[in-house]
Every structure is written in C-alpha cells, then in structure tokens.
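Just so you know, the sequences run in chain order Z and P.
Position one of the first sequence corresponds to residue 40 (the numbering used here), numbered consecutively onward.
Position one of the second sequence corresponds to residue 189 (the numbering used here), numbered consecutively onward.
Right, one structure below, let's go through it.
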Amino acid sequence: GNSVTQMEGPVTLSEEAFLTINCTYTATGYPSLFWYVQYPGEGLQLLLKATKADDKGSNKGFEATYRKETTSFHLEKGSVQVSDSAVYFCAAYNNNDMRFGAGTRLTVKP
Amino acid sequence: DSGVTQTPKHLITATGQRVTLRCSPRSGDLSVYWYQQSLDQGLQFLIQYYNGEERAKGNILERFSAQQFPDLHSELNLSSLELGDSALYFCASSGSPGGRDGELFFGEGSRLTVL
C-alpha cells in the first residue's frame, strides 16, 4: 500500500515568514496527493490536492507541486499568518487506499 | 460543516469498559474510514468500509471492531478499554458520485478518555 513521510514538527515561525513542510510518498502507480489541515478543536479539512505529475495545488496562499521524479509534495507558503497555526497532514490516495503522514504542527507567532 | 456526523463528541469511561462510537457519513458517500489520533502516535488509520464491506484494515487492535450498516452509518466498538486507548477518534467519508476522487470529509471526532 501507500506510505507517506512528512517533516517532523513542531515548526515555529514568525508572522510573514516563509513556510516549507516536506512530504514524500511511496506508492504503486501514481497516487493523488493531498494536504489536509486541522485547526485546534476541529476535524481535518482538505487544504489542496494534485492528481497527476507536475500539477500544482493551491489554496489560501499555500501551494504544493506533485513531483514524480522525487516522489514529493512539499507544502509552501510565502508569508504565514497567526491564523495558519494548525496541524498539517500530507496524504496519498491510490486504489481506494488513503494514507496520511504523521502530521506537522505549525505555530506562527505575531 | 463537512456533512459527517460523529457521536458522542466526548466520552469518559473506566478501564475494562466497552464503548461504541457512531458515524453518519455525508449523504451518498459509500466509504467510511476510522482513524485514531493520539498525541504520541499522530493519525493512525484503523479500518475502512465500502458499501457495507470491510475494504482495508490498518493498525486496529483485536479489542476493537467496526461495521457499516445498510443505511451506510458506521459504528466503532472499543472493548476492554485501557488507559492508552484515550484518544480522538475520527470518522471520514468519501465516494459520492461525481465527488473528487480520494478526498475525505472528516467529522469533528469523538474524544474518548479512559480513567
């Protein structure tokens, strides 16, 4: 089945800093790739996705590009805000099998 | 609102007891996933059902069991509870016709505390 490895946290940044959270995957074939976000006290919700190589998913200023050659889907944001503080999960979906990374907790300080 | 409903939201019980967590998926979704989230283990996949049939099994203990009923709601049964079972249990659903392939919709979770 699929597996996902993402950068361990926690990550603490100042407001307006640049964010990168690394994610790599192993899978049979070409999975769809996702970033989910979990705000405090809530369930996970989809942040962005990409379904094929070289696709770029984007939402709320976050971006991630599906890199087949490096089997990666790194999450980036150019200028984080305090409201971005949350846990971020990378996930891979293939053949009805959805797997999540361990999650990376991001704290953004004013 | 994701459309996925989980009950109860909070549950406190004692070691050795048994509890049942319930999940109603989004209307039309055929797949239900159960996940356990604890502080030290992250998000652990437990089990998946698709249209009433078990589809995939993850790190689910033998003391735990689940099922999906004909109306597509699902229940997760946790028995002989231990302190280490204290966690947030999430249900997610997917598979609406025409829905985005692979996207999961999560409930708000059931927080279980075992004392």
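Yeah, the Cβ is synthetic: ideal placement off N, Cα and C, and Gly gets one too.
Note that the structure is a prediction, hence the values are computed from the model and not measured.
Apart from the five residues on each side of it in sequence, which residues of its chain come closer than 6 Å, Cβ to Cβ, to residue i?
{"i": "VAL236 (chain P)", "result": "A quick correction: the sequence has Gln, not Val, at residue 236 (chain P). Hits under 6 Å: TYR221, ARG243 and ALA244."}
{"i": "THR65 (chain Z)", "result": "SER42"}
{"i": "VAL126 (chain Z)", "result": "GLN77, GLY142 and ARG144"}
{"i": "LYS91 (chain Z)", "result": "none"}
{"i": "SER111 (chain Z)", "result": "THR63"}
{"i": "ASN98 (chain Z)", "result": "LEU86 and LEU87"}
{"i": "TYR238 (chain P)", "result": "LEU218 and SER219"}
Taking its Cβ as the centre, do 16 or more other Cβ atoms sit within 10 Å of residue i, making it buried, or is it exposed?
{"i": "GLY82 (chain Z)", "result": "buried"}
{"i": "ASP217 (chain P)", "result": "buried"}
{"i": "GLY173 (chain Z)", "result": "Limits of chain Z in this structure are 40 at one end and 149 at the other, which puts residue 173 (chain Z) out of reach."}
{"i": "TYR75 (chain Z)", "result": "buried"}
{"i": "ARG138 (chain Z)", "result": "buried"}
{"i": "ALA202 (chain P)", "result": "exposed"}
{"i": "TYR223 (chain P)", "result": "buried"}
{"i": "LYS197 (chain P)", "result": "exposed"}
{"i": "PRO70 (chain Z)", "result": "buried"}
{"i": "SER118 (chain Z)", "result": "exposed"}
{"i": "LEU227 (chain P)", "result": "exposed"}
{"i": "LYS88 (chain Z)", "result": "buried"}
{"i": "ASP93 (chain Z)", "result": "exposed"}
{"i": "ASP273 (chain P)", "result": "buried"}
{"i": "GLY286 (chain P)", "result": "Low per-residue confidence applies at GLY286 (chain P): pLDDT is 38, beneath 50, and the placement is therefore not dependable, though the value from the model is reported in the following sentence. Label assigned to GLY286 (chain P): exposed."}
Below 8 Å CB to CB, which residues in the same chain sit around residue i once its five sequence neighbours on both sides are set aside?
{"i": "GLY295 (chain P)", "result": "SER190, VAL192, THR193, GLN194, CYS211, PHE278, CYS279 and ALA280"}
{"i": "VAL121 (chain Z)", "result": "GLU54, VAL147, LYS148 and PRO149"}
{"i": "ARG206 (chain P)", "result": "ASN265, LEU266, SER267, SER268 and LEU269"}
{"i": "LEU276 (chain P)", "result": "GLN224, GLN225, SER226, GLY297, SER298, ARG299 and LEU300"}
{"i": "GLY100 (chain Z)", "result": "LYS116, GLY117 and SER118"}
{"i": "GLY140 (chain Z)", "result": "VAL43, THR44, GLN45, CYS62, PHE128, CYS129 and ALA130"}
{"i": "LEU199 (chain P)", "result": "VAL207, LEU209, SER298, ARG299, LEU300 and THR301"}
{"i": "LEU52 (chain Z)", "result": "LEU58, VAL119, LEU145, THR146, VAL147 and LYS148"}
Could you please give me the residues that DSSP links to residue i through a beta bridge?
{"i": "GLU102 (chain Z)", "result": "Z:SER97 and Z:GLU115"}
{"i": "GLY40 (chain Z)", "result": "Note: GLY40 (chain Z) sits in no beta bridge, so no partner."}
{"i": "LYS148 (chain Z)", "result": "Z:SER53"}
{"i": "PHE233 (chain P)", "result": "P:TYR223"}
{"i": "HIS198 (chain P)", "result": "P:ARG299"}
{"i": "ILE60 (chain Z)", "result": "Z:LEU114"}
{"i": "ARG252 (chain P)", "result": "Checking the sequence shown, residue 252 (chain P) turns out to be Phe, not Arg. PHE252 (chain P) pairs with P:LEU266."}
{"i": "ALA143 (chain Z)", "result": "Note on residue identity: the sequence assigns Thr, not Ala, to residue 143 (chain Z). Its beta-bridge partners are Z:TYR127."}
{"i": "GLN84 (chain Z)", "result": "Z:VAL76"}
{"i": "LYS245 (chain P)", "result": "P:ILE235"}
{"i": "GLN45 (chain Z)", "result": "Z:CYS62"}
Mind reading off the beta-carbon distance from residue i to residue j? Whole number of angstroms is fine, and I expect it under 8 Å.
{"i": "THR109 (chain Z)", "j": "LYS95 (chain Z)", "result": "No, THR109 (chain Z) and LYS95 (chain Z) are not in contact; Cβ-Cβ is about 15 Å, not under 8 Å."}
{"i": "GLU270 (chain P)", "j": "VAL302 (chain P)", "result": "7 Å"}
{"i": "LEU58 (chain Z)", "j": "LYS116 (chain Z)", "result": "4 Å"}
{"i": "GLY246 (chain P)", "j": "GLN232 (chain P)", "result": "7 Å"}
{"i": "GLY240 (chain P)", "j": "PRO258 (chain P)", "result": "6 Å"}
{"i": "ASP123 (chain Z)", "j": "GLY40 (chain Z)", "result": "At roughly 31 Å, the Cβ-Cβ gap does not stay under 8 Å, so ASP123 (chain Z) and GLY40 (chain Z) are not in contact."}
Let me check you understand the geometry: is the CB of residue i closer than 7 Å to at least one non-hydrogen atom of the ligand ADP?
{"i": "TYR78 (chain Z)", "result": "The model on display carries no ligand, and the ligand ADP is accordingly not part of it."}
What does a CB cutoff of less than 7 Å around residue i pick up in its chain, not counting 5 residues either side in sequence?
{"i": "LEU85 (chain Z)", "result": "PHE73 and TYR75"}
{"i": "PRO49 (chain Z)", "result": "ARG144 and THR146"}
{"i": "THR67 (chain Z)", "result": "ASN133"}
{"i": "GLU291 (chain P)", "result": "SER282"}
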